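To start, the structure under review is shown below, and the notes come after it.
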Amino acid sequence: MIIIMNNIDLMNYWIESSDRDYESMKKNYETKQYTWALFIGHLTIEKLLKALYAKINKINPYPPKIHNLVILAERCNI
């Protein structure tokens, strides 16, 4: 089953997922798991950029399936 979401629903999906990752990042940092904290921090930022992409692209809110933060930021006009 394919679920199609509008840009606001998709934006909220990415933000909620980012919030969960942020909590995991903090726990990893507190336990001195710095490599994992950095990795999950990257995911947190990536998801926030994808949320912004969904917000500003109402016609096609699905962000590109990439992990490059610089390209995502550029596509969000940052």
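So the sequence shown is numbered by the numbering used here: it starts at 1141 and just counts up by one.
Heads up, the beta-carbon is just placed ideally off N, CA and C, and yes, glycines get one too.
This structure is a prediction, so every number in the text was calculated from the model and none was measured.
Task: 7 Å Cβ cutoff met for D1161 and I1180 - done: Here D1161 is near I1180, since their CB atoms are less than 7 Å apart.
- [ ] Could you round the C-beta distance between N1146 and K1195 to whole angstroms and report it? I think they count as a contact, below 8 Å.
- [x] Actually they do not touch by this definition, with Cβ atoms about 11 Å apart.
- [ ] Closer than 8 Å by C-beta to L1209: which residues in its own chain qualify, once you throw out the five before and the five after it? Chain order, please.
- [x] Cβ within range, chain order: H1182, I1185, E1186 and L1189.
TODO: Locate the alpha helix (DSSP H) running through H1207, then write down its first and last residues.
DONE: First-last for H1207: undefined, no H or E at that position.
Open item on the list: Suppose you measure from the CA of S1164 to the CA of L1150; what does that come to, to the nearest Å?
Closed with: Within the model, the alpha-carbon separation for S1164 versus L1150 is close to 22 Å.
Task: Delimiting residues of the alpha helix (DSSP H) encompassing T1184 - done: Per DSSP, T1184 belongs to the alpha helix (DSSP H) from Y1174 to I1196.
- [ ] Could you check if Y1174 is buried or exposed, using at least 16 other CB atoms within 10 Å of its CB as the buried criterion?
- [x] Residue environment: Y1174 is assigned as exposed (fewer than 16 neighbouring CB atoms within 10 Å of its CB, all protein chains considered).
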